[in-house]
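Participant: Residue numbers (this note's numbering), protein chains in the order written: chain U, 1 to 648; chain B, 1001 to 1328.
Questions regarding the structure given below will be posed in turn.
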């Protein structure tokens, strides 16, 4: 291999153990981000090899001052190109040292010849040899290093991506280029293909927080020949995820799914996500905004949890309650308030040491969620939830909360992640590691703003998740505005195209101006990676993800309009059992109370009996007289205060 | 108002260099005869949007370095280095080396040295140029003699290289030499060789002709004249060419003397060749102090040679600081 440059050092710009400078011909293949190799040849330097990544480039001529060019062209720019001789010019590069061999003694880079790094050199330079060629390899392909006509796979170390050594990945980039989501989709595909067997089973939970981004992970996307070549080079199957489970809450009608994946061909794969009082009250703190947080409210919520829920409870005014649903809870509150008003004659404003104002606040917040997130939270009836304790290996669980009220989104985050953590701690989730993908960290874990439950939870994952196998893949537009501990704890940092204003913030001071410029103009499909094994950021290209992009998905599978109640029930039952005849179902639910139908439907979903229709008929029960249904009538309790815009 | 302002107001041209006409180099006087006009005239270089610039063109230049490296009593022993190179410019405008020679040698008055030091010199230095020891007791004159010796060695090297380059010259290729063309008959008679002389110590003209030459406006040339004389010189044709306006500077500012073969074709092509050299004003040969007379390609060859010269030899004793030597 021929040398492409020569290391030079001056007193003002010397070689150090961490940085060196070299020149190349003007028509060199080297560019910012290129990996080069320097070989020592002087006395005492034989055998020394230094790998570096180009971080800055300069070109200049022997022109002493621009004025001399003006004089030479006699002030006429059109004559500036007429000079018969081209001025002597230089391509002068600065490179940051990636690795030196031998590593000790650590010395300034020798003034040797510079070569383009080959495949094996890239592995050496990025210290990938330690986990790529070990007895138990832990290499996860992240993309291809492409420079100087070279295409070398770059790997992340699973021990540093999913723990226990380091963990978490954070990706930043401007919106609208599909880089962040695409990169995570590709990385998950790569992770599922290469996650080492000795590290156990892995799954991913992805929160779809905007549009149809993650709704079509099981559908193949269009890949170019170049993309397929890259998949081949990275040894990752160019196919969509084989095991995807998509969850979406229901709409307010309780039967239509609140997702953009409602095309008839696909909607059958979407599982409803609905929670009842029991699921919500455990995370009641999420529903309290900053002003609500006080010891009194906490105490009252604890009282409800410990003494009231799912227990036979005497309200002290002569009525015994068994609170299992929001409707039951509302009846309890009404009984207490009525009791204080009527029985006590309005003389007392405390009940069981709890002030009526505190109780009204908690009632307002709890019942408020059933109003704002109707469809996710059911007033009564059982829940439909993720397959806790039965998570499957290499499965993506997508939770579509894009159209859910922000308060509901917080609740979903808090509950799902808390459950993941709880079950991972007990080693009963079904997998050994879970990647949680959260987009829009600017919104959920901002650097400033109030301390919300969601932010605290994300901080907790960032700081302690790696010991449990709970790994956060976070994405945001402005890394500088995400909580420092969330991004700081991410062992692997990924950068797509960045905004110049963002790059001007202090967090990017370690990057050279050339690297920043490259980041600001990065094409789609190219990323800058920082990983614990890489001593310097590395640019890689990754293929388009092997799945249907959200925007393409809604074009190929346009969402259907909400179907009438009866049809929605039929669709869900047919999905459970293809033998179910629509007319039979419609006859069965005609003139029945929708809440009864929803409850029976939920029971059938949860139980999944062999004969779905028979079970549904049994749970639905005999037809009852219209007046009896009045007992179940529920009026949503209006909130005490107007619904706040405060998302947390 | 200063008194010289009054002179300018009366018709004199303002000077600017502070030194006036002052130049180093040879100071001989030569026989000349006008071959283009009946008397020396000035000719404007015809404006041409696309001057005829030959391609390829080779440029030859040389450097010299020397320093006193040892004293045997008052005998100063000199380490000298001369080098010359030819760099060819192709259609892409870049220069690439085609010929290069150098000579590193010692200069010493062997007959005035002590036996032990002389023996050490003869055993350790592979190339020793012996000089006359008569001036050893006059250090200043001795060093002038050393300077002349080195200059002769450089001229010899340049001449040898020019002859080699001429022998290898392509069919359409030109050779431009920094300095006298007339040192080598083979080179001086070649139809595509030019000498570009920046130093004007030698006297070729007198009277009205001299005045016209020294006050030549920028973008003008003189009539072609024949130069003969000097014991090693071949007759050549020559003319002056002004690259930059001298007004406000000095009489030699931007003034070149061009040498070409003594042939009638030279006269007919003088305007065309001047147009070519006029186009070579850009890029400027800065930061060279004589950039106004130095063509960039020749400057480039010199810079190339400087980078390859031994680091322990400095450009010239007079330019050295006497301060303690530090890295910076």
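Idealized CB from N, CA, C, for every residue including glycine.
(1) Would residue 529(U) and residue 537(U) be called neighbours here (beta carbons separated by less than 8 Å)?
(2) Taking buried to mean at least 16 other C-beta atoms within 10 Å of its own C-beta, is residue 1266(B) buried or exposed?
(3) Between the beta-carbon of residue 1246(B) and the beta-carbon of residue 1240(B), is there less than 8 Å?
(4) Using a Cβ-Cβ cut-off of less than 7 Å, list which residues of the stretch 1251-1284 of chain B approach chain U; keep chain order.
(5) Let me make sure I understand the geometry here. Which of 1115(B), 1009(B), 1034(B), 1005(B) has the alpha-carbon closest to that of residue 1206(B)?
(6) Since residue 397(U) sits in a beta bridge, which residues does DSSP pair it with?
(7) Grouping DSSP H, G and I as helix and E and B as strand, with all else coil, what is residue 1244(B)?
(8) Which term fits residue 5(U), buried or exposed, when burial requires 16 or more other beta carbons within 10 angstroms of its beta carbon?
(9) CB-CB under 7 Å to residue 627(U), same chain, minus the five flanking residues each way: which ones, in chain order?
(10) Listed from N- to C-terminal order along the chain, which residues in the stretch 1298-1311 of chain B have their beta-carbon within a distance smaller than 8 Å of any beta-carbon of chain U?
(11) So which residues on chain U does residue 1287(B) lean against when the C-beta distance must stay under 7 Å?
(12) Reducing DSSP to helix, strand and coil, say where residue 633(U) ends up.
(13) Using a 10 Å radius around the Cβ and a threshold of 16 neighbouring Cβ atoms, would you call residue 1010(B) buried or exposed?
(14) On the CB-based measure, 16 or more other CB atoms within 10 Å of its CB, does residue 625(U) come out buried or exposed?
(15) Kindly confirm or deny that the stretch 567-581 of chain U and the stretch 610-622 of chain U touch, where touching means at least three C-beta pairs closer than 8 Å.
(16) Between residue 1094(B) and chain U, is any beta-carbon pair separated by less than 8 Å?
(17) Is residue 61(U) buried or exposed, if buried means 16 or more other CB atoms sit within 10 Å of its CB?
(18) Closer than 7 Å by beta-carbon distance: list the chain B residues that pair up with residue 68(U), in chain order.
(19) Measure how close the beta-carbons of residue 1281(B) and residue 1042(B) come, nearest whole angstrom, since I'm counting them as under 8 Å.
(20) Under 8 Å, with one C-beta from each stretch per pair, do the stretch 1051-1066 of chain B and the stretch 1115-1134 of chain B reach the 3-pair mark?
(21) Reducing DSSP to helix, strand and coil, say where residue 321(U) ends up.
(22) Could you tell me the distance, in whole angstroms, from the CA atom of residue 147(U) to the CA atom of residue 90(U)?
(23) Report all residues from its chain with a CB closer than 8 Å to the CB of residue 224(U); omit the five preceding and five following residues, and keep chain order.
(24) With contact counted as at least three CB pairs below 8 Å, one residue from each stretch, are the stretch 206-224 of chain U and the stretch 434-447 of chain U in contact?
(25) Is residue 587(U) near the ligand MG, in the sense that its beta carbon is under 7 Å from a heavy atom of that ligand?
(26) Taking 8 Å as the cut-off, decide whether the C-beta atoms of residue 255(U) and residue 581(U) are in contact.
(27) Fully enclosed by the stretch 1253-1293 of chain B, which alpha helix (DSSP H) runs are 4 residues long or longer?
(28) For the putative contact between residue 167(U) and residue 466(U), defined by C-beta atoms under 8 Å, what is the C-beta separation to the nearest angstrom?
(29) Do residue 36(U) and residue 96(U) have their C-beta atoms closer together than 8 Å?
(30) Using CA atoms only, rank isn't needed, just tell me which of 94(U), 69(U), 101(U) is closest to residue 86(U).
(31) Assuming the contact rule is C-beta atoms closer than 8 Å, residue 240(U) and residue 547(U) should be a hit. Round their C-beta distance to whole Å, please.
(32) Suppose you measure from the CA of residue 1012(B) to the CA of residue 1249(B); what does that come to, to the nearest Å?
(33) Give a yes or no on whether 8 Å exceeds the smallest Cβ distance from residue 1081(B) to chain U.
(34) From which residue to which residue does the alpha helix (DSSP H) around residue 189(U) run?
(35) Using a Cβ cut-off of 9 Å, pull out every chain U residue sitting near residue 1089(B), in sequence order please.
(36) May I ask you to list, following chain order, the residues of the stretch 1039-1056 of chain B that have a beta carbon less than 7 Å from some beta carbon of chain U?
Facilitator: On the basis of the supplied data:
(1) Their beta carbons are under 8 Å apart, which means residue 529(U) touches residue 537(U) by this criterion.
(2) Residue 1266(B) should be labelled buried.
(3) Residue 1240(B) sits away from residue 1246(B), with the two beta carbons spaced by 8 Å or more.
(4) Cβ contacts with chain U come from 1279, 1280, 1281, 1282, 1283, 1284.
(5) Nearest option by C-alpha distance: 1034(B).
(6) In the DSSP assignment, residue 397(U) forms a beta bridge with 205(U), 245(U).
(7) Three-state DSSP puts residue 1244(B) in coil, outside helix and strand.
(8) Counting every other CB atom within 10 Å of its CB across the protein chains shown gives residue 5(U) a total of 16 or more, marking it as buried.
(9) In this predicted model, residue 627(U) has a pLDDT of only 41, less than 50, meaning its place in the structure is not dependable; the value taken from the coordinates is given anyway. For residue 627(U), where only same-chain residues beyond five positions count, there are no Cβ hits under 7 Å.
(10) Considering only beta carbons, the part of the stretch 1298-1311 of chain B lying closer than 8 Å to chain U consists of 1300, 1303, in chain order.
(11) Listed along chain U are 64, each with a C-beta nearer than 7 Å to that of residue 1287(B).
(12) Bear in mind that the predicted position of residue 633(U) carries a pLDDT of just 42, short of 50, making it too unreliable to give a figure here.
(13) With fewer than 16 Cβ atoms within 10 Å of its Cβ, residue 1010(B) is classed as exposed.
(14) The pLDDT assigned to residue 625(U) is 49, lower than 50, so where the model puts this residue is not dependable; a value taken from the coordinates is nonetheless given after this. Exposed.
(15) Taking 8 Å as the limit for Cβ pairs, the verdict is that the stretch 610-622 of chain U does touch the stretch 567-581 of chain U.
(16) With 8 Å as the cut-off, residue 1094(B) counts as an interface residue toward chain U.
(17) Residue 61(U) should be labelled exposed.
(18) Chain B residues near residue 68(U): 1284, 1286.
(19) Rounded, the Cβ-Cβ distance is 18 Å, inconsistent with contact.
(20) Counting Cβ pairs under 8 Å, fewer than three are found: no touch.
(21) In the structure shown, residue 321(U) sits in a strand (DSSP, three-state: E or B).
(22) In this model, residue 147(U) and residue 90(U) are separated by some 20 Å (Cα to Cα).
(23) Counting only Cβ-Cβ distances below 8 Å, and skipping sequence neighbours, we find 544.
(24) In short, these stretches touch, since the Cβ pair count reaches three.
(25) The ligand MG is not part of this structure, which contains no ligands at all.
(26) Cβ atoms of residue 255(U) and residue 581(U): not closer than 8 Å.
(27) Those alpha helix (DSSP H) runs which fall completely within the stretch 1253-1293 of chain B and span 4+ residues are 1264-1279.
(28) Cβ-Cβ separation between residue 167(U) and residue 466(U): approximately 3 Å, consistent with a contact (criterion under 8 Å).
(29) Contact flag unset, no.
(30) The shortest CA-to-CA distance from residue 86(U) to any of 94(U), 69(U), 101(U) is the one to 69(U).
(31) That pair is a contact at about 5 Å.
(32) Here the alpha carbon of residue 1012(B) sits roughly 13 Å from the alpha carbon of residue 1249(B).
(33) Interface with chain U (8 Å Cβ-Cβ cutoff): residue 1081(B) is excluded.
(34) It spans 179-194 - the alpha helix (DSSP H) in which residue 189(U) sits, taken as one unbroken run.
(35) Chain U residues near residue 1089(B): 84, 85, 86.
(36) Legend: CB atoms of the stretch 1039-1056 of chain B lying less than 7 Å from CB atoms of chain U belong to residues 1053.
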